[in-house]
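One gets this note's numbering by counting positions in the sequence shown from 1 and adding 1261 to each. Below you'll find the structure, written out as structure tokens, and then a few comments.
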Amino acid sequence: MSSHSTTKARLAQLVPNAIGLLAFDQNCNVIEASGVAKSRLEDIVQINQAKVDEEGFALLRDAGIQVMVYKHDGETLAVYTQENSL
């Protein structure tokens, strides 16, 4: 199994209602985009500016979509879900 497939499988286990994943580095270079995130690359600017808590997490909402953000060691991971699916 490729690491890309492994990542998707782990994400599906951790967030079963995920509809997209966006990962990027501190320079806003895309590392991975899947699902709805492929068509929402412009979100990188807003996600990058999001204020996170002391553990590196933030929650954003936009038009019925919830974006769970985690920042760590210069990389950002954003997981998209339907707002009412959690």
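Backbone N, C-alpha and C define an ideal beta-carbon position, used for all residues, glycine too.
Just to confirm, does Ile-1326 get its C-beta within under 7 angstroms of one of the non-hydrogen atoms of the ligand FMN? Ligands are entirely absent from the displayed structure, and the ligand FMN is therefore not among its contents.
Helix or strand or just coil, what does DSSP make of Ala-1298? helix
Bridge partners - Val-1276, DSSP secondary structure assignment: In the DSSP output, where bridge partners are listed per residue, Val-1276 has none listed.
Tell me Ile-1326's beta-bridge partners as DSSP assigns them. Asp-1323 and Gln-1343
Boundaries (first-last residue) of the alpha helix (DSSP H) holding Gln-1310: 1304 to 1310
Run through DSSP, which three-state label would Gly-1281 get? strand
Are the C-beta atoms of Val-1340 and some chain C residue less than 8 angstroms apart? Structure shown: chain C not included; a single protein chain is present.
Between Ala-1339 and Pro-1277, what straight-line distance do the alpha-carbon atoms span, to the nearest angstrom? 14 angstroms
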